[in-house]
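Quick notes on the structure that follows.
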Amino acid sequence: MLVNLNDVLLPAKKNGYGVGLFNTVNLELARGVLKAAEELKSPVIIGTAEVLLPCGPLEDLAGLLVPMAKKASVPVVLHYDHGLTFEKCMEALKLGFTSVMYDCSTDNYEENLRKVHELVRIAHCFGATVEAELGHVGDNEEPAAHKGMNAPEAYYTDPAQAKDFVKNTQADALAIAVGTAHGAYKWKPKLDFDRIKTIADMVEVPLVLHGGSGLSEEDFRRSIACGISKVNIFTDINVAAGKAAVRAIKEGKTCLTDMIPCQVEAAAEAVKAKIRVFGSEYKALTDMSI
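Here's what the structure looks like:
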């Protein structure tokens, strides 16, 4: 069942659990994500990010993911993550994505607000939702991310700004910077849980935690308890599928068709583990009409 962010995140926010976004670049990962969600009766968010398009072109993935989402037995949001340009976000909407993240977090506050507000007006006409980012969730490879860990006040989301931003953009979800980073962690992240709770108390829309791969189960549970409703995961399922292929080769399987089932199952198991931690297991049955 193809839905948008509001359909899955508003119940999650109300009832205190999280819904995972699992980015995909091919059929194997997509099958693994949806297999896990259907087996555990969990709503799920699936999609891709602009930085991943070299691995899977947007048009090709849309042709693959839209029909898979529509025929799924659980609510599935098709989300375009970290859209960096207005043009690509529009392309995603036209291709059938039901949600887009327009990431203008490296712009100044006024420009971020202006750009997001413009896209929100358009996306809502498509029946789609928009996620924005305030503050900046860096990358583990970039110096800014490491610097941000030592000087969080320069990179973390300001609660008062968050309230003003949501009010003036009408964004449907807000990604906040509270100590995570994208990619595999090279040091243990220190999340600002008090900041999450403060922002959650000040804004009405669901909050999003980016850079989820590599966090501890306790980090996830505490973040969700403090007000996070959506958690982004890619590295964990990407690595799981890659390791499955390596194991298959070591076992003497040299054909791609011998490796595919292993990759699908590995991705599914990684997603199941996150669904259970996030607390969304069986929520497709209790919180939504499908």
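Take the sequence shown: its position 154, counted from the start at 1, is 172 in the working numbering, and no numbers get skipped.
All C-beta atoms in this analysis are idealised placements derived from N, C-alpha and C, irrespective of residue type, glycine included.
Contact set for residue i: own chain, Cβ-Cβ below 8 Å, skip 5 residues either direction
i	result
phenylalanine 104	Tyr120, Lys133, Glu136 and Leu137
glycine 311	Examination of residue 311 is not possible in this model, given that the chain is present from 19 through 308 alone.
Same chain only: Cβ atoms within 6 Å of residue i, ignoring 5 sequence neighbours per side
i	result
alanine 67	Asn41, Asp99 and His100
methionine 167	The pLDDT assigned to methionine 167 is 46, lower than 50, so where the model puts this residue is not dependable, and the model offers no usable value.
Same chain, Cβ closer than 7 Å to residue i, five either side skipped, listed in chain order
i	result
threonine 187	Leu131, Val134, His135, Val138 and Ala150
aspartate 237	Leu209
alanine 48	Thr42, Ile64, Leu82, Leu83 and Met86
C-alpha distance - residue i paired with residue j, whole-angstrom precision
i	j	result
histidine 200	threonine 147	The predicted position of histidine 200 is uncertain, since its pLDDT is 43 and thus under 50; a value taken from the coordinates is nonetheless stated next. Cα to Cα, histidine 200 sits roughly 23 Å from threonine 147.
glutamate 311	leucine 152	This structure gives no information on residue 311, because the portion of the chain shown stretches from 19 to 308.
proline 224	valine 21	16 Å
cysteine 73	glutamate 222	36 Å
histidine 228	glycine 114	23 Å
glutamate 299	leucine 274	32 Å
threonine 272	isoleucine 278	11 Å
alanine 80	leucine 111	10 Å
isoleucine 63	methionine 19	11 Å
histidine 164	asparagine 44	Any reading at histidine 164 must be qualified, since the residue scores a pLDDT of 43, below 50, and its modelled position is unreliable; no value is offered.
glutamine 281	alanine 266	9 Å
glutamate 283	lysine 215	36 Å
proline 61	threonine 175	27 Å
glycine 270	aspartate 276	10 Å
leucine 102	tyrosine 127	16 Å
glycine 34	alanine 263	36 Å
arginine 239	valine 295	7 Å
Member of the options whose CA lies at the smallest distance from the CA of residue i
i	options	result
phenylalanine 252	Asp182, Val289, Gly36 and Ser117	Val289
lysine 89	Lys53, Ala218 and Gly245	Lys53
phenylalanine 211	Leu303, Glu283 and Gly245	Gly245
cysteine 122	Ile194, Lys32 and Gly38	Ile194
lysine 292	Ala258, Val264, Ala263 and Leu303	Ala258
leucine 303	Leu39, Ser247 and Ser91	Ser91
glycine 50	Lys301, Val94 and Ala286	Ala286
proline 29	His97, Gly38 and Ser247	Ser247
aspartate 182	Thr198, Ile217 and Val196	Ile217
methionine 108	Ala262, Val264, Ala141 and Val249	Ala141
valine 69	Pro93, Ala262 and Lys106	Lys106
lysine 32	Asp276, Ala243 and Lys268	Ala243
cysteine 143	Thr116, Gly36 and Gly230	Thr116
aspartate 219	Asp190, Ala189 and Ala178	Ala178
Cutoff 8 Å: residue i Cβ touching any chain C Cβ
i	result
lysine 89	In the displayed structure, chain C is absent; only one protein chain is listed.
N- and C-terminal bounds of the alpha helix (DSSP H) containing residue i
i	result
glycine 38	Run containing glycine 38: none in the alpha helix (DSSP H); it sits in the beta strand (DSSP E), 37–41.
glutamate 149	Taken as a continuous stretch (DSSP letters only), glutamate 149 belongs to no alpha helix (DSSP H), being part of the beta strand (DSSP E) at 147–152.
valine 226	That residue, valine 226, is in no alpha helix (DSSP H); its beta strand (DSSP E) goes 225–227.
leucine 233	Premise fails: leucine 233 is in no alpha helix (DSSP H) and is neither H nor E.
proline 279	274–296
lysine 53	45–57
The beta strand (DSSP E) enclosing residue i, as first and last residue numbers
i	result
asparagine 250	246–251
valine 138	Note, valine 138: premise wrong, no beta strand (DSSP E); alpha helix (DSSP H) at 127–143.
alanine 67	62–67
Q: Let me know the beta strand (DSSP E) ranges lying completely inside the segment 88–125, each 3 residues or longer, listed in chain order.
A: When DSSP assignments are scanned along the segment 88–125, the uninterrupted stretches of beta strand (DSSP E) that are 3 or more residues long and fall wholly within it turn out to be 94–101 and 117–120.
Q) Whole alpha helix (DSSP H) runs in the segment 174–220 with 4 or more residues, listed along the chain? A) The DSSP assignment places complete alpha helix (DSSP H) segments of no fewer than 4 residues inside the segment 174–220 at 177–187 and 211–220, in order along the chain.
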